[in-house]
Amino acid sequence: MEDWYNVRDQNSNVSIRSAPFFEGFSEAVIEKATAHVVTRSHPAGQVILLENDWGSSVYFILNGWVKIRTYNLDGKEVTLNILGKGELFGEMAPLDEVPRSTDVITLAPTTIGNMPAQDFVQLLNSEPQAGIRLAQLMARRLRQVNRRLRLRESDSTSRVADILLFLADGQGKRGPNGTEIPNLPHRELSSLSGLARETVTRVLSKLEKKGLIVRDRDTLCIPDPHALERMMI
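Numbered per my numbering, the sequence shown finishes at 248, counting up by one with no gaps.
Shown next as structure tokens:
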């Protein structure tokens, strides 16, 4: 049987060029930076990275979704982030030359461009704009984490609403009826929010009845993110 989740895409350079990280770079810079990129497709539930792996690549998500997870002291899985198309991960280990600190697992069929770590570091060293873009990415993620930490003691509705807005900020797409995000399994929202899955289910139903979210099989739509934000106290 063909190992379809580990297939090299011969058009990898074309795909990786669309990553927002490279926006505004010259053709020569992009060509050099992506010369050794390999694109692979992975099924849902595929482990891409494991904690304590050494960092030999930086990964650009070209399509699909992944979750960043770790475990608490009790051995319970904790989802730290959900990343989608246009995002990158695995960028820290090559910079400080230490093993990976989290696991990365696909949530859906996902296509990823693997850039050798040395090429990524060389890009940062030679192109100031690349360093600025990476710093902006890190700052944005830090702001998101800080906001979530501030809401850890809030009520369940505020915490679920914040997770939905957090996902909309990172991966929301403007659709005809509002901002669309993936309709993630409740267990993932539970892990992100630190709430019981039953509580998440109850809050989502409440938000849906109020018209603050609209769900179908694959997509959760937020018609008015400002209205959802006003639910948070």
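Every residue gets a Cβ at the ideal spot worked out from N, C-alpha and C, and that includes glycine.
In the DSSP assignment, what are the bridge partners of S56?
T126.
Using DSSP with H/G/I as helix, E/B as strand and the rest coil, what is P197?
Here P197 sits in strand by DSSP.
Report the residue from Q186, T172, R189 and T214 whose alpha carbon sits nearest the alpha carbon of K225.
Nearest C-alpha to K225: T172.
Here's the rule: buried if 16 or more other CB atoms are within 10 angstroms of the residue's CB, otherwise exposed. What is A50?
Burial call: exposed.
Hey, would you say T121 sits closer than 8 Å to G79, going by beta carbons?
Yes.
I believe I97 touches L199 by the beta-carbon criterion, under 8 Å. Please report the beta-carbon distance rounded to the nearest angstrom.
Contact flag correct, Cβ pair sits at about 7 Å.
Under a three-way DSSP split, which group does E92 fall into?
Residue state, collapsed to three classes: strand.
Could you say which of D239, V136, H201 and R162 lies nearest to G187 if we only look at CA atoms?
The candidate whose alpha carbon is nearest that of G187 is D239.
On the criterion of 16 or more Cβ atoms from any shown chain inside 10 Å, does A59 qualify as buried, or is it exposed?
A59 comes out exposed.
Are the CB atoms of G70 and A145 within a distance shorter than 8 Å?
It is not a contact, given that the beta carbons lie outside the stated cut-off.
Using only alpha-carbon positions, find the residue among D111, M107 and P124 that is nearest to H57.
Of D111, M107 and P124, the residue nearest in Cα terms is P124.
Can you say whether M153 is buried or exposed, counting buried as having 16 or more other CB atoms within 10 angstroms of its CB?
So M153 ends up on the exposed side.
Does DSSP put I228 in a helix, a strand or coil?
Here I228 sits in coil by DSSP.
With distances taken Cα to Cα, identify the nearest neighbour of I31 among L64, L77 and G39.
Of the candidates L64, L77 and G39, the one whose C-alpha sits nearest the C-alpha of I31 is L77.
In terms of residues, what are the limits of the beta strand (DSSP E) holding S72?
Counting along the chain, the beta strand (DSSP E) containing S72 begins and ends at S72 to N78.
Between the Cα of V73 and those of V81, E244, G105 and T54, spot the shortest distance and give me the residue it belongs to.
Here the closest residue by C-alpha is G105.
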